[in-house]
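**Q**
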Amino acid sequence: MDERIDMHIPLKERLCFADYINNGGKSSLFIDFNPNEGGQVGQVIRYIHDTDSNKVIAPSFEAYLQHFVRKNSRTEDERERFDEIKIL
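In terms of this note's numbering, the sequence shown is residues 1086 to 1173.
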């Protein structure tokens, strides 16, 4: 588990803004308003239902959107290379 996430706070107390299916499993994206020490208010969490795991994927919703726009405004070859770059 990601130490920046307070696991004592239920998911329903975070803002879910996307659900999607990948590799046959369901994932959801949440905005976290109550992070642990070391985390940031507004960080974006990816929750994977099948493994019941959480991970911070961006320090803020703005950073997540900027990454999403940059990634999707490239050619397919550029996107493959861009996927190797992490947001954090």
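Heads up, the beta-carbon is just placed ideally off N, CA and C, and yes, glycines get one too.
Indicate whether Ser1112 and Arg1131 have their beta-carbon atoms separated by less than 8 Å.
**A** Yes, Cβ-Cβ distance for Ser1112 and Arg1131 is below 8 Å.
**Q** How far does the alpha helix (DSSP H) with Arg1099 in it reach, from first residue to last?
**A** Where Arg1099 is concerned, there is no enclosing alpha helix (DSSP H), given that its DSSP letter is neither H nor E.
**Q** Does DSSP classify Asn1108 as helix, strand or coil?
**A** It is coil, neither helix nor strand.
**Q** For the beta strand (DSSP E) holding Val1126, just list the boundary residues, first then last.
**A** Taken as a continuous stretch (DSSP letters only), Val1126 belongs to no beta strand (DSSP E), as it is neither H nor E.
**Q** Quick one: what's Ile1116 bridged to in DSSP?
**A** Ile1116 pairs with Leu1100, Val1129.
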